[in-house]
Amino acid sequence: MPESDDRNQDLPGDRPASAGEADQSDRPATRPVQDPRAGQAAARARIEQQQSWVDLQVRQAMERGDFDDLPGAGKPIADLGATHDPDWWVKRLVEREQITVLPAALQLRKDDAELDTALDRLGSEHEARAFVEDFNARVLRARYTPVDGPPLITMPRDVDATLAAWQERRAARRTTAVAMEPAPSRHWWRRRWSRRR
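Residue numbers (the numbering used here): 7 to 203.
The following block contains the structure:
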C-alpha cells in the first residue's frame, strides 16, 4: 500500500516519540490565527454581491414589465404626510376587512336579539341546547367581569323554554313546507309507465 494514504499513516500515539516531539505533544494544539479583518471583508463582499443580485432581479423584472399596471401606480400614497400612528396597520386592517368590534354588553345584546334566528339554522336539539348554554355562559362571564362601556342588561335565557319555542318554530316550518309541496297526481303510476315505453 502507498504511504501517502491518510488512513495508513501512523498516528502520533502509535510510534515512539523523539525527545523534541515529546515536548511539543504536551502543549495543546493551536489553530492558525485568522485576521478578523479578513472575515469582515468577506462578509462585506457577500453583502455587496447580494445587493447587486437583488438589483439585477429588479432590473430584469422592470424590463419584463412585471411592475406595469400595479394598483395605485401614479397615485400619491394615502396619509403619507399625516402624523405617525403606531396602530396604523390595525386601523387599516379593520377598515379593509370591515371588522366591527363591540363592547361586551352591546355584543351580547346583539347576540340575544339574533339568538332565535341562529337557533333556527341548527338541525338537532343537542346542538341547539349547546348553543343556548354557550350564550348563557358568555352572559354570566360578562356579568362577573368589569367592563368598560355601557352596562350589561342582557339576561341569561331559560334553556328549556328557549328549546320549546325552537321546537314549535321548527314544527311550524315543517307544516308550511308540507303544505307548499305540490300534491302528487292521482295517476302518477301511468305517467311513469308511459315513460318506460
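Virtual Cβ for every residue (Gly too), placed ideally from N, Cα, C.
Can you check which of these residues, 153, 140 and 182, is closest to residue 163 by C-alpha distance? That would be 140, whose Cα lies nearest to the Cα of residue 163.
Taking C-beta to C-beta, are residue 153 and residue 111 nearer than 8 Å? Result yes, Cβ atoms of residue 153 and residue 111 sit closer than 8 Å.
In the DSSP assignment, find the alpha helix (DSSP H) that holds residue 136 and state where it starts and stops. Residue 136 -> alpha helix (DSSP H) spans 131-149.
At the level of alpha carbons, what is the spacing between residue 175 and residue 83? Straight-line spacing of the CA atoms in residue 175 and residue 83 works out to 54 Å.
Using only the alpha-carbon positions, how far apart do residue 4 and residue 102 sit? What is shown of the chain runs 7 to 203, which leaves residue 4 out entirely.
What does the Cβ neighbour count give for residue 137, buried or exposed, with the cut at 16 atoms within 10 Å? Buried: at least 16 other Cβ atoms inside 10 Å.
Say whether the region 93-109 touches the region 123-137, bearing in mind that this needs 3 or more beta-carbon pairs closer than 8 Å, one atom from each stretch. Below 8 Å, too few C-beta pairs join the region 93-109 and the region 123-137 to call them touching: fewer than three.
For residue 51, which residues from the same chain have a beta carbon less than 6 Å from its beta carbon, with the 5 sequence-adjacent residues on both sides left out? Around residue 51: no qualifying Cβ.
Let me know the secondary structure DSSP gives residue 186 once reduced to three states. When secondary structure is reduced to three states using DSSP, residue 186 falls in the helix class.
Extent of the continuous alpha helix (DSSP H) run through residue 106: If you look at residue 106, you'll find it isn't in any alpha helix (DSSP H); DSSP assigns it neither H nor E.
If you follow the alpha helix (DSSP H) that residue 126 is in, where does it begin and where does it stop? Annotation: the continuous alpha helix (DSSP H) that includes residue 126 extends over 121-126.
Taking only three categories from DSSP, how would you classify residue 68? It is helical.
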